[in-house]
Structure formats: C-alpha cells, structure tokens
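Quick note, the sequences are listed as chains A and B, same order. All the letters of the first sequence, read from the start, carry residue numbers 1 to 307 under the working numbering. All the letters of the second sequence, read from the start, carry residue numbers 1 to 249 under the working numbering. Here the structure is laid out as structure tokens; the discussion comes afterwards.
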Amino acid sequence: MSILILAEHDNQQLSAETAKVVFAAQQLGGEIEVLVVGHQCQSVADDAAKLSSVAKVLLVDDAAFEHQQADNVSKLVNTLAAKYDYILAAATSTGKDTLPRVAALLDVNQISDITAVVSEDTFVRPIYAGNALATVKSLDAKKVITVRSSAFDAVAQDGAAQVEKLDQNLVSLVEFISQTLTESVRPELTTARIVVSGGRGVGSAENFAILEQLADKLGAALGASRAAVDAGFVPNDFQVGQTGKIVAPDLYIAVGISGAIQHLAGMKDAKVIVAINKDPEAPIFQIADYGLEADLFDVIPKLLKLI
Amino acid sequence: MKVLVPVKRVVDSNVKVRVKSDNSAVETANIKMALNPFCEIAVEEAVRLKEAGTVDEIVVVSIGAKQAQEQIRTAMALGADRGILIETDAELVPLSIAKILQKIQQTEQADLIILGKQSIDGDNNQTGQMLAALLDVAQATFASEVKVEANKVIVCREIDGGLQTVSLNLPAVITADLRLNEPRYASLPNIMKAKRKPLDIKSIDELGIELKQHQQIISVNAPKVREAGEMVADVTTLVDKLKNEAKVI
Numbered sequence: 001m002s003i004l005i006l007a008e009h010d011n012q013q014l015s016a017e018t019a020k021v022v023f024a025a026q027q028l029g030g031e032i033e034v035l036v037v038g039h040q041c042q043s044v045a046d047d048a049a050k051l052s053s054v055a056k057v058l059l060v061d062d063a064a065f066e067h068q069q070a071d072n073v074s075k076l077v078n079t080l081a082a083k084y085d086y087i088l089a090a091a092t093s094t095g096k097d098t099l100p101r102v103a104a105l106l107d108v109n110q111i112s113d114i115t116a117v118v119s120e121d122t123f124v125r126p127i128y129a130g131n132a133l134a135t136v137k138s139l140d141a142k143k144v145i146t147v148r149s150s151a152f153d154a155v156a157q158d159g160a161a162q163v164e165k166l167d168q169n170l171v172s173l174v175e176f177i178s179q180t181l182t183e184s185v186r187p188e189l190t191t192a193r194i195v196v197s198g199g200r201g202v203g204s205a206e207n208f209a210i211l212e213q214l215a216d217k218l219g220a221a222l223g224a225s226r227a228a229v230d231a232g233f234v235p236n237d238f239q240v241g242q243t244g245k246i247v248a249p250d251l252y253i254a255v256g257i258s259g260a261i262q263h264l265a266g267m268k269d270a271k272v273i274v275a276i277n278k279d280p281e282a283p284i285f286q287i288a289d290y291g292l293e294a295d296l297f298d299v300i301p302k303l304l305k306l307i
Numbered sequence: 001m002k003v004l005v006p007v008k009r010v011v012d013s014n015v016k017v018r019v020k021s022d023n024s025a026v027e028t029a030n031i032k033m034a035l036n037p038f039c040e041i042a043v044e045e046a047v048r049l050k051e052a053g054t055v056d057e058i059v060v061v062s063i064g065a066k067q068a069q070e071q072i073r074t075a076m077a078l079g080a081d082r083g084i085l086i087e088t089d090a091e092l093v094p095l096s097i098a099k100i101l102q103k104i105q106q107t108e109q110a111d112l113i114i115l116g117k118q119s120i121d122g123d124n125n126q127t128g129q130m131l132a133a134l135l136d137v138a139q140a141t142f143a144s145e146v147k148v149e150a151n152k153v154i155v156c157r158e159i160d161g162g163l164q165t166v167s168l169n170l171p172a173v174i175t176a177d178l179r180l181n182e183p184r185y186a187s188l189p190n191i192m193k194a195k196r197k198p199l200d201i202k203s204i205d206e207l208g209i210e211l212k213q214h215q216q217i218i219s220v221n222a223p224k225v226r227e228a229g230e231m232v233a234d235v236t237t238l239v240d241k242l243k244n245e246a247k248v249i
C-alpha cells in the first residue's frame, strides 16, 4: 500500500496542516510519500522531508505551478496516481479546490474532511454542519481523501526522507491576476492553541481592537462569526464555522457570539469553551464549559488585568 | 450568453437535524426543506448577470426526488428562465451528480456554470470541481465576486489567507461562496409567473449514463454531546477556573 500526500504550502513554508495529514496517513499503514508542487519551493520539500515516517518527497518545481491552480495540479497528480492507493490532502481551501478534480479524473468519489480512520477503507466524516457523523466505506479502488487537520495531531519532525525532483510542466487553464493576503502577526487560526472570537455583539470594527488586545495577551489567534465578517468588522478569512475554518484549540473564547448551528460546526471540538455574552438565552451557553453573562466591555478590561 | 445553475433541495439550514434511531441516516421525513443556501447565491448571481445584460438565459437543474421541483420553481421565481429535473430517488455521490451535469452541459452548451460551493447536508464541497474536471474547463471555487469581460470571467476567490483574483476563459465553472451576494426574496407575482415557466423532467436512464456505486454509508451517529458547563459569577472566578481547574492559561 502506498499513500501520496499533497503538501500544503505557500512556496516558502510547509503548512502545519501537512504534518497532521501525515498523522492520519500513518493510521492507514503503508509507505507515505509527500508531493510538493509549486515554484521555487525547495525549502518546502526540505521541510516535508523532515516529517516523521515520510519515505520520500517528490518535488515538482516549475513556474507553471506557482499558484497551485486546481486544474494543472490535478492533472499532474493524475499522471503520478497509478502507483498509489491513497491520495490525501488537508481540507484547506487549496485541498478542497484541487482534490475533487483529482478524484474525478480517476473516476472515484472523494471522501471529504475525514475526522477519523476506522479501517483502510472506512472513515468518519461530519455531515449536516457536524450535527451527525457518517461512517463511510469507500468502494473505490483508489481513495481520494481530504483530512480535517483539527481532528489529528501533527507528526514529529524527526525524519530524513530523500527529495526526488520531477520535471513536469502543465499550463493552467486559469490565469492568475492578484492575491491579497491578510497580514497577521498572531498565530494561524487553524493551528492556534487559544482562539479568541468575536461576533455581532462586538459592535464595530473598532471594538475588535479590544479582542485583539486579549488575543495578544494570551498569544491567541483571532476568529469571528459570520455576522462579524458580514458586518465588515474583520476580513472573511477570520470566519470560524461550517463554511469558514474548523478549529479545535485548547481554549476557545467566544465573545458576543450567539452560537448558531453554523458557527458551532467550526469550534465545538475545542477542549474548553468560554462564552461571554449579555444574553443569558444565547445558545452558546449550552455548549460552553464556562459561561459569563456580562457585557464584554466590562469583562475584557478586567480579563486583561487578571491574566 | 447562457448560464447553467445546478441547485439542490436540502434540509432547511435552521433545522437542527436528528439522527434516526436505527443509525442509518438523518431524519428527513416531515422536516422543512429548502433550496441549499449556496445554490440560492448561485441563482442570484446568474440573475444579476442577466439583469446587467450579460446573460440571456438561465437554466436551473436539480437532480433528486420529485419534490425537488419546488426548489426549481423557487429558482425560477428568483429569475431563472427554465428548469430541468433529473428525477431519481437514489442517493447520489458528488461524482455521479457531476457526471449527470456533464451530460446536461453537453446538450445545453452553457457558457458559464455556477454552483454553490457546498451543500449544507453532505458538506462535501466536490461537485463543481468534479464537473470542471470532467468537462476539462477552468474552475474558480469559493467565488466572492464575478465579473464577465468579453469572453473571460474575472473571479475573486476566498482562500485561507485572504483573497485571490483569477481570470478564466469560457466556458468555466464557478462555485459561489457566502459573500458573493445577498439573495433576493421571491415576490408573489414572480412566484405565480414561475409556475408557467417550462420545467423538463427526465430520468437518469433517458440521459444514457451508467453510474457506479462509489461508497456505502455504514452508519450515521449523533456527535458526542458536550457536557453542560457552568455559569461563573464574575471575571475573577472565570480566570481562576481557567488557570486552576481547566489549566488552559
């Protein structure tokens, strides 16, 4: 059995999520290889080679793959697919964009966003915004899977795999125009140990500054509910929920968030949930380990003093 | 130009679903059904492109039970011109849906296909990408802005770290994200008008495609229920609990 993992990276750094996909792959058994596709991304391949239990890293470094567009990356993976039983990627925006295309080219259905490996062909995945867990058996010969990274640990970095360069060049059907990335000095939302999230109750973009102070004090990432994003308080890549990011930090502090089904889908696996809300009826209190019914503008300054 | 919009009938997004007692599936009998919210956004975008004079015809297609006609009518009340229902009682995986849509596209020859980014029941996020692969056309997933310029479409996409803008040659597949637009409500006169718009019903057999079984649902279980926590009286108690009881800060 052999497994190919499509690495998640930005041409400079390997994303922490890849180490978690390797952890999921270990549970399948078999030889694990990591494919790094991009441009001027040798350092990413070197990082991937250090991941525990990775047998080999394949590096495809070409200007044609600079933006890792789904159409040409999926064609590339398809040309390599013959020798693998599994093709895995993290369920990030890149993984979700690319892997279903790989699956269609291989004439298999993808198993999306798995949270557990039951056996070599059976997996658990959440459906209905995480309100049900489906155990799914794949009948396809090859298995194409995206992995919910928050459900798995990261493997250690004690490996020393060989990096093998492949020459491939496939022009994308998509022309890249521009990209604007949100600048942040805080930890990445999906891998942070603590997340401080704000909702509509925060009131304005300016008021989010007080949450930022709390986040900085705790070394936490900043998150938001859909309402806060729609209201323009923060950029949309801060959104936690069914359609945003799925997080499972040690501590999740929900401030001014009512706790709609779609938001809970993104954070209910956090180890400890704290809810701060003025409304005692807010559904968030039903899943919070510690709830504080109070005005956030009273609470946060006090919190800043006490921690 | 012509736009094809695949739509799905799903359990209404405000319903908290329950798992059936035999753990075979989620209970969907006698539950409020609706147009998948992302499909609504896809329909709205097509209608806006039509209102802007870019699009001449919007064809809505749904694959599923007879009752999915209701969702096609809803889409027509929002502004779609005609509908196609591929009637089946089978639970189809995204790849099978994509193959049916590929077949429909071969007949319809739409310039643009706009889907929702995911359905809120299966949460798969696959169909649009698979359809684009089968048609071997460009895709722009998670779209938050769509502009048609000459024979190209410029799409702003929501990616993990921010936003990305790409340009696609037509035909192309786009999947709609939440922030693409705010869908309108159907007015009563438009709901009445939608009843007279053409709706073509076909079976999968008539399309002449063979579908494989790709997966089997072994069981569906309710997730672990979180133990109800406690309400704390003040900030001092909260900090104390976080430090000494939960030990997370």
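Heads up, the beta-carbon is just placed ideally off N, CA and C, and yes, glycines get one too. Only a predicted model underlies this, so the values are computations on that prediction, with no experimental measurement involved.
- Query: Looking only at its own chain, which residues have a Cβ that is under 7 Å from the Cβ of Asp140(A), when we skip the five neighbours before and after it?
  - Reply: Val108, Asn109
- Would Pro223(B) count as contacting chain A if we go by Cβ distances under 9 Å? The Cβ of Pro223(B) sits closer than 9 Å to at least one Cβ of chain A.
- Item | Contacting residues, own chain, Cβ-Cβ under 6 Å from Val163(A) (five flanking each side not counted) | Ala45, Ala49, Val57, Leu59
- Message: Tell me which residues of the stretch 274-287 of chain A have at least one Cβ-Cβ distance to chain B shorter than 9 Å, keeping chain order.
- Response: Val274, Ala275, Ile276, Pro280, Phe285, Gln286, Ile287
- Message: Count Cβ pairs between the stretch 83-93 of chain B and the stretch 38-53 of chain B that sit closer than 8 Å; are there 3 or more?
- Response: Counting Cβ pairs under 8 Å, fewer than three are found: no touch.
- Message: Residues of chain B with CB closer than 8 Å to the CB of Ser109(A), please, in chain order.
- Response: Before going on, a small fix: residue 109(A) reads as Asn here, not Ser. Here the neighbours are Val93, Pro94, Leu95, Ser96, Gln126, His214, Gln215.
- Query: What residue does the beta strand (DSSP E) around Asp61(A) start on, and which one ends it?
  - Reply: If you look at Asp61(A), you'll find it in the beta strand (DSSP E) that goes 54-61.
- Task: Pair every Cβ in the stretch 132-143 of chain B with every Cβ in the stretch 66-73 of chain A, then say whether three or more of these pairs are closer than 8 Å.
- Result: yes
- Task: Taking a Cβ distance cut-off of 9 Å, strictly less, list which residues of the stretch 160-172 of chain B are near chain D, in chain order.
- Result: Absence of chain D from the displayed structure is noted, the protein chains being A and B.
- In chain A, what lies closer than 8 Å to Asp121(B) by C-beta? Ile127, Tyr128
- In this structure, does DSSP put Asn66(B) in helix, strand or coil? Checking the displayed sequence, the identity of residue 66(B) turns out to be Lys instead of Asn. When secondary structure is reduced to three states using DSSP, Lys66(B) falls in the helix class.
- Query: Which chain B residues are close to Val174(A), counting only those with a beta carbon under 8 Å from its beta carbon?
  - Reply: Ala138, Gln139, Ala140, Val166, Ser167, Leu168
- Nearest chain B C-beta to Asn236(A) closer than 9 Å, yes or no? yes
- Query: Enumerated in chain order, which unbroken segments of the beta strand (DSSP E) with a length of 3 residues or greater are wholly contained in the stretch 14-83 of chain B?
  - Reply: 33-35, 57-64
- Task: Under the assumption that Val239(B) contacts Leu214(A) (Cβ atoms under 8 Å), give the Cβ distance between them as a whole number of angstroms.
- Result: Not a contact, Cβ separation roughly 12 Å.
- Message: Which of the three DSSP states is assigned to Asp85(A) in this structure?
- Response: Here DSSP, grouped into helix, strand and coil, assigns Asp85(A) to coil.
- Task: My understanding is that Val21(A) touches Val54(A), with C-beta atoms under 8 Å, so please give their C-beta distance in whole angstroms.
- Result: In fact, because the Cβ distance is near 11 Å, the residues do not count as touching under 8 Å.
- Message: Whole angstroms are fine: how far does the CA of Ile159(B) sit from the CA of Ile58(B)?
- Response: Those two C-alpha atoms are separated by around 28 Å.
- How should Asn37(B) be labelled, buried or exposed, when 16 other C-beta atoms within 10 angstroms of its C-beta is the threshold for buried? Here residue 37(B) is Pro; the residue named in the question, Asn, does not match the sequence. The Cβ neighbour count for Pro37(B), taken over all protein chains shown within 10 Å, is at least 16; the residue is labelled buried.
- So, does the CB of Tyr86(A) fall closer than 9 Å to a CB anywhere in chain B? No, because no Cβ of chain B sits closer than 9 Å to the Cβ of Tyr86(A).
- Message: So, with DSSP's three-state summary, where would you put Pro6(B)?
- Response: If DSSP states are grouped into helix, strand and coil, Pro6(B) belongs with the strands.
- Query: Beta carbon of Gly116(B), beta carbon of Asn190(B): below 9 Å?
  - Reply: no
- Decide if Glu230(B) is buried, meaning its Cβ has at least 16 other Cβ atoms within 10 Å, or exposed. exposed
- So, are the CB atoms of Ala143(B) and Ala176(B) less than 9 Å apart? Cβ distance < 9 Å, so Ala143(B) and Ala176(B) count as in contact.
- Task: Taking all protein chains shown into account, decide if Leu188(B) is buried (16 or more other Cβ within 10 angstroms of its Cβ) or exposed.
- Result: exposed
- Closest Cβ-Cβ distance between Pro88(B) and chain A: below 9 Å? Pro is not the amino acid found at residue 88(B); the sequence shown has Thr there. It does not; no Cβ of chain A falls within 9 Å.
- Message: Assuming Gly291(A) is part of the beta strand (DSSP E), what are its boundary residues?
- Response: 290-293
- Query: Cα separation between Glu206(B) and Thr107(B)?
  - Reply: 13 Å
- Inter-stretch contact (C-beta, 8 Å, three-pair minimum) for the stretch 190-199 of chain A and the stretch 215-224 of chain A: As far as the Cβ criterion goes, the stretch 190-199 of chain A touches the stretch 215-224 of chain A, which means the pair count is three or higher.
- Pairwise C-alpha distance: Ala150(B) and Met192(B): 35 Å
- Task: Go to Gly95(A), then tell me how far its beta strand (DSSP E) extends in each direction, as first and last residue.
- Result: Not the beta strand (DSSP E): Gly95(A) falls in the alpha helix (DSSP H), residues 93-105.
- Query: When the Cα atoms are used, what is the spatial distance from Val268(A) to Leu303(A)?
  - Reply: Before going on, a small fix: residue 268(A) reads as Lys here, not Val. Lys268(A) and Leu303(A): Cα-Cα distance of roughly 23 Å.
- Status (buried if at least 16 other CB within 10 Å, exposed otherwise) for Lys75(A): buried
- Query: Mind checking if Lys2(B) is an interface residue toward chain A, Cβ cutoff 9 Å exclusive?
  - Reply: no
- Item | Identity of the residues DSSP links to Ile86(B) by a beta bridge | Ile63(B), Lys202(B)
- Item | Neighbouring residues, chain B, relative to Thr92(A) (Cβ below 7 Å) | The answer, in chain order, is Asp160.
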